[in-house]
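Working notes for the structure below.
Residue numbers (our numbering): 666 to 983.
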């Protein structure tokens with residue numbers, strides 16, 4: 666099927682099966698013009714031509730009337746004129762549904778459905794300037810036999826390019842949507858950070874103002890000492906400092922004394938046998954002391970064992 670651009674006159678040869686019965690939009694690759702193309706009218710086959718000849722032939726029509734109405738009896742009947750032999754029926758054209766199914770199978774390799782495509786962009790290699798008139802028809806001869814049959818490789822390549830272009834457009838749209846969503850999230854994150862920074866700055870300023878107000882409410886310590894204590898104020902301060910220092914010294918001395926006492930008792934417990942041999946008179950007190958320490962140790966060991974058993978039982982129940 667030959668397509669001619671109504672804008673620039675460029676001509677293209679495509680398969681007639683690419684144009685459905687309802688027509689479709691096509692686009693010229695030379696000038697970009699788009700128009701609605703209808704399929705070419707089907708050519709009458711030999712059977713329809715023979716039927717039309719029989720209907721318009723007067724001899725065949727008279728023969729049909731004579732066969733329909735019986736003639737009146739006459740003395741002499743003229744010999745009947747032999748009827749023209751009807752031509753043999755032409756072979757039936759291939760079913761349109763089968764042809765369409767075959768084309769769909771061919772085009773299915775590029776995931777493009779012919780019936781669902783709205784616009785087919787024709788990108789055949791056309792000369793920049795196509796001559797018009799009878800010379801162009803002589804330079805570009807074509808027959809319906811060339812257009813019929815399988816889809817040309819050029820058309821299949823065009824369909825593959827169209828499918829690839831649609832896939833790239835879908836990926837581009839998806840990427841643009843994702844980038845827009847990411848930009849929106851980044852903008853929201855920046856706005857949230859700015860809001861938090863502003864709140865922190867306001868809190869710091871409020872704390873500084875509160876500190877300044879609190880400082881203004883309390884009197885000056887130097888002025889207070891000068892008005893209340895006079896010359897005796899430094900002596901009172903010195904006496905307080907001495908008392909604090911003395912309390913700290915007593916606490917330190919008591920702590921060191923307790924450590925020394927417990928250390929001495931521990932040394933006596935460890936060296937009780939040697940001390941008893943060295944001083945036999947201390948054997949009784951040392952034995953009682955060792956027994957008391959051993960009793961305390963056994964009591965602590967029993968408490969520890971019961972505590973461990975209780976914890977183990979609770980862990981097993983949990």
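All residues carry an ideal CB built from backbone N, CA and C; glycine is no exception.
Counting C-beta neighbours from all protein chains within 10 Å, is the total for residue i 16 or more, i.e. buried, or is it exposed?
{"i": "residue 820", "result": "buried"}
{"i": "residue 683", "result": "buried"}
{"i": "residue 690", "result": "exposed"}
{"i": "residue 703", "result": "exposed"}
{"i": "residue 824", "result": "buried"}
{"i": "residue 647", "result": "The structure shown has nothing for residue 647, since the chain only spans 666 to 983."}
{"i": "residue 679", "result": "buried"}
{"i": "residue 972", "result": "exposed"}
For chain C, is any of its Cβ atoms less than 9 Å away from the one on residue i?
{"i": "residue 843", "result": "Included in the structure is just one protein chain, with no chain C present."}
Return the chain-ordered list of same chain residues with a C-beta closer than 7 Å to the C-beta of residue i, the five sequence neighbours on each side being excluded.
{"i": "residue 843", "result": "none"}
{"i": "residue 753", "result": "The predicted model places residue 753 with a pLDDT of 46, which falls under 50 and marks its position as unreliable; any figure quoted below should be read in that light. If we look at residue 753 and ignore the five residues flanking it on each side, it has no Cβ neighbours."}
{"i": "residue 693", "result": "670, 672, 673, 675, 787"}
Less than 8 Å between the CB atoms is what I'm expecting for residue i and residue j, so what's the real figure, rounded?
{"i": "residue 968", "j": "residue 934", "result": "Wrong, their Cβ atoms sit about 20 Å apart, outside the cutoff."}
Of all the options the options, which has the alpha carbon lying nearest to the alpha carbon of residue i?
{"i": "residue 954", "options": "918, 972, 929", "result": "929"}
Within a Cβ cutoff of 8 Å, which residues of the same chain sit near residue i, ignoring the five residues on either side of it in sequence?
{"i": "residue 937", "result": "951, 952, 954, 955"}
{"i": "residue 982", "result": "none"}
{"i": "residue 833", "result": "none"}
{"i": "residue 947", "result": "940, 941"}
{"i": "residue 688", "result": "701, 702, 703, 704"}
{"i": "residue 917", "result": "none"}
Report all residues from its chain with a CB closer than 6 Å to the CB of residue i; omit the five preceding and five following residues, and keep chain order.
{"i": "residue 873", "result": "none"}
Is the stretch 668–683 in contact with the stretch 695–705, if contact means three or more CB pairs nearer than 8 Å?
yes
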